[in-house]
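Visitor: Sharing a structure below in structure tokens format, with a few things to ask.
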Amino acid sequence: MNLTEDLTCAICYELFTQPVMLGCMHHFCKSCIMRFWRGTRGPVSCPQCRREFPNKQFQTNFLVAGVVEKVRGTSEESSRKKRMKHLQELLRNEQAKSKKYISMMRRDDEKINLVMRSSSKLKQKVQNEFHALHQILYNEEQAVLEELRKEEDEMLNKLEKHMQELKEAARQAEEKVSMIGNLLDAIKENLMVEVADLNTRAVAEVGKEPKVDVPFFISKYSGPLQLAVWKKMIKLVKPGLTHLTFDPDTAHPNLILSSDQLSVVECNNKVCNAQHPRRFIQSVNVLAAQSFSSGRHYWEVHVGNKTKWDLGVAAESVDRKAKVKLCPENGYLTIRLRNKNEYWAGTQPWTPLCIKYLLQRVGVFLDYEEGKVSFYNAEGMELLFSFCSSFNGPIYPFFSTCFSDGGTNAEPLRLFHLQL
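Numbering (UniProt numbering), first residue to last: 1 to 420.
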């Protein structure tokens, strides 16, 4: 047993207060033993050993009382230090939380400003896109603007709600910091302060940082909006559908091009032995005969039921002799299909695309000056993915049939030409 236990009353289980000693040498608080014997007439007994005494007699033990006071002082100092340490730790935690919330608020504020600035520009862009069709397609334009407004409102509401949650959490954290500071001051002045409930106090709930994809939002309304209604006003659509052809001088030796150079298929065997400096050697790739150094262009590729393919654009300077990863660092901006239904964007690392249906025709939109390449489901004009880059030199439409895999991926890629 330690000294504190030896100086603890067996009745109240606290350090002795005015310790008294019975004839059996056991010690108790004076008030505790008197309360224990209250109402007892005649002989009394020791609460600890049950020894009986003829009357209520005890002796004050001043020596034990002195020791108790020394132990009490030491114990209180130790307790004070523990509480100081606990409060300091709480203070650090709450300060860290406050700093985190303020940082998150700043990020949300930047996103709110970006959404608002971008939305203003996009509204003007939508109106410009629809200018030529305004009289006939007024309802279409208003529908797009309404969708944009709803998405803007949804994003702003999410961000503003999160901002309010952060403000409330930051306010509570600041209050807690102030409270803890006051408690620390009180403890420094040797005041006894109850701090046990600080960790149990209710605090404001802060939800997860809202997922607001501003680049996707911008790209969605920066694409070829007129093309979404091409069936109604095809002659006024700008940009119109660019008619491409495959370039046989760039085609891998295993690729067979149709006579009109609108279709390409891989045949597992080398069909072309002609050497050409622009030909792909390691991968079954081919470029379009057309290149672009300015302007906005849109084309479509029929992929049908192929199980894998790659589509996009390539810089003129790409390595055609080696097998390289199709990524921006190597001059490629592409999306791909693998394993029949797995769609990916060719970033570093790969970005999975959440596409719930099988694409039959893919649209590619190039805005050379803006450095943007966007991909669409050509049948419904839903945006699939957008790259933001910068171009120096000619950009070529790029295609890869991938290997036919014994016939499972033998369907050709076909360039789509609109028949009016």
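Even glycine gets a Cβ: it sits at the ideal position worked out from N, Cα and C.
When you compare the CB positions of Leu3 and Val64, do they come within less than 9 Å of one another, or not?
Guide: Their beta carbons are not under 9 Å apart, which means Leu3 does not touch Val64 by this criterion.
Visitor: In angstroms, rounded to a whole number, what distance separates the CA positions of Lys306 and Thr408?
Guide: Lys306 and Thr408: Cα-Cα distance of roughly 8 Å.
Visitor: Under the three-state reduction of DSSP, which class applies to Pro215: helix, strand or coil?
Guide: Helix, per DSSP.
Visitor: Runs of 4 residues minimum, wholly inside the stretch 222–310: which ones carry the alpha helix (DSSP H) assignment?
Guide: Listed in chain order, the complete alpha helix (DSSP H) runs (minimum 4 residues) inside the stretch 222–310 are 230–233.
Visitor: Could you name the residues of the same chain whose beta carbon sits closer than 6 Å to that of Ser291, not counting the 5 residues immediately before and after it, in chain order?
Guide: Excluding residues within five positions, the ones whose Cβ falls inside 6 Å are Pro394 and Tyr396.
Visitor: Taking Cβ positions, are Cys29 and Cys12 nearer each other than 9 Å?
Guide: Contact flag set, yes.
Visitor: Could you check what DSSP says for Lys321 in three-state terms: helix, strand or coil?
Guide: Looking at Lys321 - three-state DSSP - the assignment turns out to be coil, as it is neither helix nor strand.
Visitor: Cβ atoms of Tyr298 and Val216: under 9 Å apart, would you say?
Guide: It is Phe, not Val, that sits at residue 216 in the sequence shown. Their beta carbons are not under 9 Å apart, which means Phe216 does not touch Tyr298 by this criterion.
Visitor: From His276, Asn254 and Ala169, pick the residue whose C-alpha is nearest to that of Ala96; which is it?
Guide: Answer by Cα proximity: Ala169.
Visitor: State the DSSP-derived secondary structure class of Met21, mapped to helix, strand or coil.
Guide: Three-state result, Met21: strand.
Visitor: Output the distance between the C-alpha atoms of His162 and Glu151, rounded to the nearest integer angstrom.
Guide: The alpha-carbon atoms of His162 and Glu151 are separated by roughly 16 Å.
Visitor: Measure the alpha-carbon distance for Asp405 versus Glu94 and round it to whole angstroms.
Guide: Between Asp405 and Glu94, the C-alpha separation is close to 60 Å.
Visitor: For Trp344, does the three-state DSSP call read helix, strand or coil?
Guide: It is a strand residue.
Visitor: Check whether the Cβ atoms of Phe399 and Leu287 lie closer than 9 Å to each other.
Guide: For Phe399 and Leu287, yes; Cβs fall inside 9 Å.
Visitor: Are three or more beta carbon pairs between the stretch 302–319 and the stretch 329–343 nearer than 8 Å?
Guide: The stretch 302–319 is in contact with the stretch 329–343.
Visitor: Kindly indicate which residue of Glu69, Lys121, Lys340 and Leu166 has the alpha-carbon position closest to the one of Gln18.
Guide: Answer by Cα proximity: Glu69.
Visitor: Could you compute how far the alpha carbon of Asp268 sits from the alpha carbon of Val284?
Guide: According to the sequence displayed, residue 268 carries Asn and not Asp. Rounded to the nearest angstrom, the two C-alpha atoms are 10 Å apart.
Visitor: Taking only the alpha-carbon atoms, compute the straight-line gap between Ser386 and Leu156 and give it to the nearest angstrom.
Guide: Ser386 and Leu156: Cα-Cα distance of roughly 22 Å.
Visitor: Can you tell me whether His134 is buried or exposed? The criterion is at least 16 other CB atoms within 10 Å of its CB, across all chains shown.
Guide: Exposed, since its Cβ has fewer than 16 Cβ neighbours within 10 Å.
Visitor: May I ask you to report which of helix, strand or coil DSSP gives residue 426?
Guide: Outside the displayed span of the chain (1 to 420) sits residue 426, for which this structure offers no information.
Visitor: Would you report the Cα separation of Glu52 and Thr60, rounded to the nearest angstrom?
Guide: Roughly 19 Å between the two C-alpha positions.
Visitor: Please classify His131 as buried or exposed, where buried requires at least 16 other C-beta atoms within 10 Å of its C-beta.
Guide: Counting Cβ neighbours within 10 Å, His131 comes out exposed, since fewer than 16 surround it.
Visitor: Please say whether Leu91 and Ile180 have beta carbons closer to each other than 9 Å?
Guide: Taking 9 Å as the Cβ cut-off, Ile180 and Leu91 qualify as a contacting pair.
Visitor: Taking 7 Å as the limit between beta carbons, can you name the residues of its chain near Leu384, skipping five residues before and five after?
Guide: Closer than 7 Å at the Cβ level, and outside the excluded window around Leu384, lie Ile335, Leu353, Ile355, Phe375, Tyr376 and Asn377.
Visitor: Under the rule that 16 or more other beta-carbon atoms within 10 Å means buried, what is Leu244, buried or exposed?
Guide: That one is buried.
Visitor: Here's the rule I'm using: 16 or more other beta-carbon atoms within 10 Å means buried, otherwise exposed. How should Arg117 be labelled?
Guide: By the neighbour-count rule (16 or more Cβ atoms within 10 Å), Arg117 is not buried but exposed.
Visitor: Given a threshold of 16 other Cβ atoms within 10 Å of its Cβ, counted over all protein chains shown, does Glu129 qualify as buried or as exposed?
Guide: Result: buried.
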